[in-house]
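Everything in the sequence shown is counted per this note's numbering, starting at 96 for the first residue and increasing by one.
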Amino acid sequence: MKTIILSIIGLLILLHICDIKEDKLTHNINTLLINTIKQTNPLSTYKVWTYIELENTPKQIQLLNESMELPVYFRKCIDRINFKVNVLHPYNIHEYLPDFSIPMGKSSPLSLKKRVDLLFAHILDNYGGLCISPGTIAYDLTEPLREIYLHDIVTFGSSTPVSASQSDLYPDTYIIGSPKGSEIIKKYKEKLLNDTFRNSSDILSECLIEGEYNNKYYSSKTVGTHDNMMNKLTVDDYLNKQPIHFQNKKEHLAITIPYNQLINNNEYAWFLNLSEEQLNQSNLEIVRLLNE
Numbered sequence: 096m097k098t099i100i101l102s103i104i105g106l107l108i109l110l111h112i113c114d115i116k117e118d119k120l121t122h123n124i125n126t127l128l129i130n131t132i133k134q135t136n137p138l139s140t141y142k143v144w145t146y147i148e149l150e151n152t153p154k155q156i157q158l159l160n161e162s163m164e165l166p167v168y169f170r171k172c173i174d175r176i177n178f179k180v181n182v183l184h185p186y187n188i189h190e191y192l193p194d195f196s197i198p199m200g201k202s203s204p205l206s207l208k209k210r211v212d213l214l215f216a217h218i219l220d221n222y223g224g225l226c227i228s229p230g231t232i233a234y235d236l237t238e239p240l241r242e243i244y245l246h247d248i249v250t251f252g253s254s255t256p257v258s259a260s261q262s263d264l265y266p267d268t269y270i271i272g273s274p275k276g277s278e279i280i281k282k283y284k285e286k287l288l289n290d291t292f293r294n295s296s297d298i299l300s301e302c303l304i305e306g307e308y309n310n311k312y313y314s315s316k317t318v319g320t321h322d323n324m325m326n327k328l329t330v331d332d333y334l335n336k337q338p339i340h341f342q343n344k345k346e347h348l349a350i351t352i353p354y355n356q357l358i359n360n361n362e363y364a365w366f367l368n369l370s371e372e373q374l375n376q377s378n379l380e381i382v383r384l385l386n387e
């Protein structure tokens, strides 16, 4: 009798579900599928990736321990990521991408930003996941990781100087995610390889405009790239002791710092050379954001 009652209840629930609009039903089923996968096989969930570039030799590199000469700020950024993160560097890339032919390291003819974007495009094509640029302060990226299952690509921020003109067709590339083998990532990777000196954000925008892709977009409000006057922030703003007046701090999923400018500009070498004690006592806005 109990079995019959449960069967009837199950049938009623199924009939009720069938009355839900198709798009909502599809979303609910997909969400349920994601949660089921995560519960039954956590290893099948998409990974978080980041990249570091050091002068160390391969024998000296032991990730996240005292022997690695990594600026304290970058180490702290990696430490605070709430997920197991795969840290890529020039000496372990071929463990993941045996055929990766892009020269990495400071001797590369490509800019730091371009070679990192190329690396991330290859990683997403082969593995999927969420690629986080070095120096990004991650708060909670749980939702974006889930959205990878439901979309062709997950994008963040704005490549335009003024927040008011941003759209999902013009994201930046400091954080980017996709499922494995996504069509738009394949196209993005191909265009990056064929035009190595063009801005990566422009290439990604071109791909988004040319095709009809399911893009989950998180605006600049979620990555702390613009202030409350909708002006794009610079490295100097983050390294200032004055607090930044953001659009809405409650919406922050991460803070994407222009790491390429931070590393390439000798004016910021003092910051990268700070000890942990010096960093903690610096009273810089970037440290306050890091410790939130």
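Backbone N, C-alpha and C define an ideal beta-carbon position, used for all residues, glycine too.
For the putative contact between K208 and N355, defined by C-beta atoms under 8 Å, what is the C-beta separation to the nearest angstrom? Here the question's residue 208 lines up with position 113 in the sequence shown. Here the question's residue 355 lines up with position 260 in the sequence shown. Rounded to whole angstroms, the Cβ separation of K208 and N355 is 4 Å, and the two are in contact under 8 Å.
Could you check the C-alpha separation between Y308 and I271 for me, to the nearest Å? For this step, residue 308 is matched to residue 213 along the sequence shown. For this step, residue 271 is matched to residue 176 along the sequence shown. For Y308 and I271, the distance between alpha carbons rounds to 15 Å.
If you measure between the beta carbons of Y313 and G230, is that distance less than 9 Å? Within the sequence shown, residue 313 is the residue found at index 218, counting from 1. Within the sequence shown, residue 230 is the residue found at index 135, counting from 1. No, Cβ-Cβ distance for Y313 and G230 is not below 9 Å.
On a CA-only basis, which of I304, I173, D322, E371 is nearest N343? Give me that one, please. Locating residue 343 in the sequence shown gives position 248, counting from the first residue. Residue D322 is the option with its Cα nearest to N343.
Presumed contact (8 Å Cβ cut-off) between I248 and I298, rounded CB distance: Taking the sequence shown and counting its residues from 1, the one referred to as residue 248 is at position 153. Taking the sequence shown and counting its residues from 1, the one referred to as residue 298 is at position 203. A Cβ-Cβ distance of about 13 Å is found for the pair I248 and I298, leaving them out of contact under the 8 Å criterion.
Between Y333 and the rest of its own chain, which residues show a CB-CB distance below 7 Å, the 5 nearest in sequence each way excluded? Start at 1 with the first residue of the sequence shown, and residue 333 comes out as number 238. Result list for Y333: I352, E380, I381, in chain order.
Output the boundary residues of the alpha helix (DSSP H) element that contains T237. The residue labelled residue 237 in the question sits at position 142 within the sequence shown. Its alpha helix (DSSP H) spans residues 237-242.
How would you call L288, buried or exposed, if buried means at least 16 neighbouring beta carbons within 10 angstroms? Here residue 288 refers to the residue found at position 193 of the sequence shown. Its Cβ having fewer than 16 others within 10 Å, L288 is exposed.
Can you say whether M199 is buried or exposed, counting buried as having 16 or more other CB atoms within 10 angstroms of its CB? Counting from 1 along the sequence shown, the entry for residue 199 is found at position 104. With at least 16 other beta carbons inside 10 angstroms of its own, M199 counts as buried.
Going by DSSP in three states, N386 sits in which element: helix, strand or coil? The residue labelled residue 386 in the question sits at position 291 within the sequence shown. Here N386 sits in helix by DSSP.
Checking the sheet assignment: what are the DSSP bridge partners for W144? The count along the sequence shown starts at 1 and reaches residue 144 at position 49. Paired residue(s): N181, C226.
Could you please give the first and the last residue of the uninterrupted alpha helix (DSSP H) stretch that includes F169? The sequence position of residue 169 within the sequence shown is 74, counting from 1. F169 -> alpha helix (DSSP H) spans 167-174.
DSSP on N323, reduced to helix/strand/coil? Residue numbering aside, residue 323 sits at position 228 when the sequence shown is read from its first letter. Correct three-state label for N323: coil.
On the criterion of 16 or more Cβ atoms from any shown chain inside 10 Å, does E190 qualify as buried, or is it exposed? Within the sequence shown, numbered from 1, the residue matching residue 190 stands at position 95. Under this definition E190 is an exposed residue.
Would you kindly check if the distance between the Cβ of T268 and the Cβ of S253 is under 9 Å? The sequence position of residue 253 within the sequence shown is 158, counting from 1. The sequence position of residue 268 within the sequence shown is 173, counting from 1. No, they are not a contact pair.
CA-CA distance, N378 and K336? Translated into positions along the sequence shown, residue 378 becomes position 283. Translated into positions along the sequence shown, residue 336 becomes position 241. Rounded to whole angstroms, N378 to K336 spans 6 Å at the Cα level.
Nearest CA to the CA of R241: which residue from V318, G276, V143? As a first step, residue 241 is located in the sequence shown; it is residue number 146 there, counting from the start. Closest in C-alpha terms to R241, from the list V318, G276, V143, comes V143.
Member of K327, H246, P204, L303 whose CA lies at the smallest distance from the CA of D38: As shown, the chain starts at 96 and ends at 387. That puts residue 38 outside it, with no answer to give.
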